[in-house]
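Residue numbers (our numbering): 74 to 404.
Before any comments, here is the structure.
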Amino acid sequence: MRRFLKAACAALAAAACLAAAVPAASAATAPSPDGATEARTTRPPAPLISLGAVNFGAALLGSLPDPERSPAGANDFTCRPAPAHPYPVILVHGTFENAYDNWSALAPRLKSAGYCVFALNYGEATPHALMKAVAPISASARQLAAYVDKVLTATGAAKADLVGHSQGGGLLPQWYLRFDGGAARVHQLVAINPSSHGTTILGLAHLANAVLDVAGHAGKPLGLDSPAAKDQTVGSPVLQKLYANGDTEPGVAYTTIVTRTDEVVTPYTHQFLTAQPGATVDNVLLQNVCPLELTGHLGSPYDPNVHQLVLNALDPAHATPVQCALLTAPL
Numbered sequence: 074m075r076r077f078l079k080a081a082c083a084a085l086a087a088a089a090c091l092a093a094a095v096p097a098a099s100a101a102t103a104p105s106p107d108g109a110t111e112a113r114t115t116r117p118p119a120p121l122i123s124l125g126a127v128n129f130g131a132a133l134l135g136s137l138p139d140p141e142r143s144p145a146g147a148n149d150f151t152c153r154p155a156p157a158h159p160y161p162v163i164l165v166h167g168t169f170e171n172a173y174d175n176w177s178a179l180a181p182r183l184k185s186a187g188y189c190v191f192a193l194n195y196g197e198a199t200p201h202a203l204m205k206a207v208a209p210i211s212a213s214a215r216q217l218a219a220y221v222d223k224v225l226t227a228t229g230a231a232k233a234d235l236v237g238h239s240q241g242g243g244l245l246p247q248w249y250l251r252f253d254g255g256a257a258r259v260h261q262l263v264a265i266n267p268s269s270h271g272t273t274i275l276g277l278a279h280l281a282n283a284v285l286d287v288a289g290h291a292g293k294p295l296g297l298d299s300p301a302a303k304d305q306t307v308g309s310p311v312l313q314k315l316y317a318n319g320d321t322e323p324g325v326a327y328t329t330i331v332t333r334t335d336e337v338v339t340p341y342t343h344q345f346l347t348a349q350p351g352a353t354v355d356n357v358l359l360q361n362v363c364p365l366e367l368t369g370h371l372g373s374p375y376d377p378n379v380h381q382l383v384l385n386a387l388d389p390a391h392a393t394p395v396q397c398a399l400l401t402a403p404l
């Protein structure tokens, strides 16, 4: 996997270098009471880019000079939701990722479809860290809660839709929905490869190694002792508390988009949810839609088939059949 990621990044080195050359201003960080940094508003968005010009590796390299960058199409706080799409979409990145490297394909796709799109950075161990989402799940959930409130205030919307990847589609928003008042502020959660019900430590090691290798930091500590990694490990106290009363919250619609070839959240069947009274769940196995799909954990947010499934979940009244394009770099 690591060798494949290196090759994929080399193929898109020119795109990554162009992205990295964009200048950006600095941002302040305010420590929270428990020591985790507060969620920050990311940089103003870059112009919309061609969806074919980026994958996870290229976007990760593009975020190296400024890990607070906004992905293209995201974080226009003057945006007001159109009647056709009344809920702003908030993108929530995964463990060891950031908003730019996680959402540089999906954010412009959603923006082009007419949505108000926002993406936060959260869960840093140190200011301006490249690899974010390592803080305790409960601390990151409070950051997400504050960000959702900020978006709702700016847009005037009654509720938001959350689209998350890995931790950002699994434990983090699920904790927010259950324990931090999120169920009253969220219309639906669309989860790509969510860390629901936890993963094995081997899966987290695969993820950390891949990100470090692409970023040119191979051989450095993996970060598997981070609070977020511990919280997402099968059998953790956080998992036991979160799912003690079932998987879902009343009034919220849930969609999971899962690939059988996920090498990070293992076993992949952990990602599916069971609906409790008052909630709905649509569990989608990618290979049931596109049998030849090979995309893995990091590649899914860059997969056009996944993009269409997300768009269909956000607007089921205008759902379009997935055309099953082949992802050229199934990271």
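The C-beta atom is built at its ideal place from N, Cα and C for all residues, glycine as well.
Everything numeric in this text was worked out from a predicted model, so none of it was measured.
Asked: Between PHE345 and ASN361, is the Cβ-Cβ spacing less than 7 angstroms?; Found: no
Asked: Out of curiosity, what's the CA-to-CA distance linking HIS238 and GLY146?; Found: 18 angstroms
Asked: Roughly how many whole angstroms lie between the Cα atoms of ALA184 and ASN385?; Found: Checking the sequence, you will find Lys at residue 184 rather than Ala. Cα-Cα distance, rounded: 15 angstroms.
Asked: Can you grab the Cα-Cα spacing for the pair THR306 / ASP139, in whole Å?; Found: 30 angstroms
Asked: Look up THR321 in the DSSP assignment and say whether it is helix, strand or coil.; Found: coil
Asked: Identify whether LEU244 lies in helix, strand or coil by the three-state DSSP scheme.; Found: helix
Asked: Using only CA atoms, which one of ALA214, LEU371 and GLY187 lies nearest to PRO154?; Found: GLY187
Asked: Which term fits LEU387, buried or exposed, when burial requires 16 or more other beta carbons within 10 angstroms of its beta carbon?; Found: buried
Asked: Start and end of the alpha helix (DSSP H) containing HIS380?; Found: 377-387
Asked: Select from PRO394, ALA256, GLY242 and MET204 the residue whose C-alpha is nearest the C-alpha of SER269.; Found: GLY242
Asked: Tell me which residues share the same chain as SER177 and place their Cβ nearer than 6 angstroms to its Cβ, disregarding the 5 neighbours each side in the sequence.; Found: VAL127, ALA132 and PRO144
Asked: For ALA192, write down the residues that DSSP places opposite it in a beta bridge.; Found: LEU164
Asked: So, is PRO181 buried or exposed, given that buried needs 16 or more other C-beta atoms within 10 angstroms?; Found: buried
Asked: Assuming TYR327 is part of the alpha helix (DSSP H), what are its boundary residues?; Found: Not the alpha helix (DSSP H): TYR327 falls in the beta strand (DSSP E), residues 326-331.
Asked: Tell me whether ASP335 sits in a helix, a strand or coil according to DSSP, three-state version.; Found: coil
Asked: So the alpha helix (DSSP H) GLN344 belongs to, where does it begin and stop?; Found: Per DSSP, GLN344 belongs to no alpha helix (DSSP H) and is neither H nor E.
Asked: Where do the N-terminal and C-terminal ends of the alpha helix (DSSP H) with ASP222 fall, by residue?; Found: 210-228
Asked: With burial defined as no fewer than 16 other Cβ atoms inside 10 Å of the residue's Cβ, what is the status of THR347: buried or exposed?; Found: exposed
Asked: Would you give the residue range spanned by the beta strand (DSSP E) that VAL259 belongs to?; Found: 259-265
Asked: Looking only at C-alpha atoms, which of HIS370, PRO310, LYS232 and LYS303 sits nearest to THR332?; Found: HIS370
Asked: Report the option in LYS205, ALA398 and ARG258 whose CA atom is closest to the CA atom of TYR220.; Found: ARG258
Asked: Using only the alpha-carbon positions, how far apart do ALA109 and PRO394 sit?; Found: Because ALA109 sits at a pLDDT of 35, beneath the cut-off of 50, its placement in the model cannot be relied upon, and the following sentence gives the value as read from the coordinates. Going by the C-alpha atoms only, they are around 42 angstroms apart.
Asked: Give the single residue among MET204, ASN148, ALA227 and ASN194 whose Cα lies nearest to the Cα of ALA214.; Found: ASN194
Asked: My guess is that ASP304 and PRO246 are in contact by the Cβ rule of under 8 angstroms, so how many angstroms apart are they, rounded?; Found: Incorrect: roughly 14 angstroms between the Cβ atoms, too far for contact.
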